[in-house]
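In what follows, a single structure is set out as structure tokens and then discussed.
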Amino acid sequence: MRMYDKLFLGPKAAKHRFTVLQRIRHQKWVDGLYVLVPSSNPGNIMDILPAAALSEKHGIYRDALIIGAAKGYDEACELAGSIVAAMYRDHGNFNLEAFL
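Using this note's numbering, you'd call the opening residue of the sequence shown number 11 and step up by one each time.
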């Protein structure tokens with residue numbers, strides 16, 4: 011599991027930035043912690059997952075790049091929307107790799 015250098019955090023997660031980062035690094039998952047990763051499906055931009063999904067031994071997200079974290083699914087959806095809006099505003103397209 012890798013983390014993006016400029017990790018995007020939702021407002022609630024940003025208040026507890028150190029704790030959130032430590033829990034992701036040490037895989038100590040908490041209910042309500044969601045992460046944003048690039049989508050495994052080429053038709054989508056990113057996936058929103060419960061953080062615990064990253065620890066599955068044979069999961070497709072084991073070595074995923076974490077680009078954002080949020081406390082709660084609603085905050086994760088808002089964070090994903092703001093990332094996509096910034097991506098379109100800056101580059102005029104929806105290419106996540108070029109944006110990062």
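Don't be surprised by glycine CBs; every beta carbon is placed ideally from N, CA and C.
Touching by the beta-carbon criterion (3+ pairs, under 8 Å), the region 82 to 102 and the region 37 to 50: yes
The region 12 to 25 contacting the region 53 to 65, beta-carbon criterion three pairs below 8 Å: no
Presumed contact (8 Å Cβ cut-off) between L89 and G42, rounded CB distance: About 14 Å; that fails the 8 Å criterion.
Endpoints, beta strand (DSSP E) assigned at L57: Checking the sequence shown, residue 57 turns out to be Asp, not Leu. Looking at the DSSP string, the run of the beta strand (DSSP E) that includes D57 is 56 to 60.
According to DSSP, residues forming a beta bridge with G42: Paired residues: none, contrary to the question.
Beta-carbon contacts of D100 that lie in its chain and below 7 Å, excluding the five residues immediately before and after: F109
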